[in-house]
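Asker: Just dropping this structure here.
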Amino acid sequence: MIELEADRAANVLVIHARGKLTREDYRDILAPQVRSLLDRSGTLRVMFVMDDSFEGWTLGAAWENTLFDLKHRRDLEKVAMVGAPRWEEWCVNVAAALLMRGQLATFSLDQRPEAWKWLCA
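Counted the way this note's numbering counts, the sequence shown spans residues 32 to 152.
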């Protein structure tokens, strides 16, 4: 499940990921919000927060995530991954190197304030 918070003043979208993410989370919730924010500002900064209940992605969601990354590779200025397990940090860094033009950083859940400062700097 995805829950979104938009901070239009800071041009930041905060994504709270809980449970297992599905294709519908991307298509029905994330994509429309991202389109709306990009129409307004042209670029976006994202904080992706994975709390302790996060279980990963379904296969369909993983595919949608890859398509999302490819489509928006020039639109994302910075991405802060918060709460990623170690194996996920490795995957995220490899994928970012291949799919993103913007900056990416990973943070533990207790470093969320630092992630916000980095994202807004």
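Just so you know, even glycine gets a beta-carbon here, dropped at the ideal spot from N, CA and C.
Just the C-alpha distance for Ala111 and Ala136, rounded to the nearest angstrom, thanks.
Answerer: Between Ala111 and Ala136, the C-alpha separation is close to 5 Å.
Asker: With distances taken between CB atoms, is the gap from Ala48 to Met81 smaller than 8 Å?
Answerer: Yes, these two residues count as a Cβ contact at 8 Å.
Asker: On the criterion of 16 or more Cβ atoms from any shown chain inside 10 Å, does Ala152 qualify as buried, or is it exposed?
Answerer: Exposed is the call here.
Asker: Out of Gln134, Leu101, Leu98, Gly73, which has the shortest C-alpha to C-alpha gap to Asn42?
Answerer: Among Gln134, Leu101, Leu98, Gly73, the Cα nearest to that of Asn42 belongs to Gly73.
Asker: List the whole-angstrom C-beta distance separating Thr97 from Lys51, where the pair is believed to meet the contact cut-off of C-beta under 8 Å.
Answerer: About 17 Å; that fails the 8 Å criterion.
Asker: In angstroms, rounded to a whole number, what distance separates the CA positions of Gly114 and Arg54?
Answerer: Those two C-alpha atoms are separated by around 21 Å.
Asker: Tell me whether Lys102 is buried or exposed, calling it buried when 16 or more other Cβ atoms sit within 10 Å of its Cβ.
Answerer: By the neighbour-count rule (16 or more Cβ atoms within 10 Å), Lys102 is not buried but exposed.
Asker: Tell whether a beta-carbon distance below 8 Å holds between Asp141 and Ala92.
Answerer: Contact flag unset, no.
Asker: What did DSSP end up calling Asp83 once you bin it into helix, strand or coil?
Answerer: Asp83 falls in the strand class under three-state DSSP.
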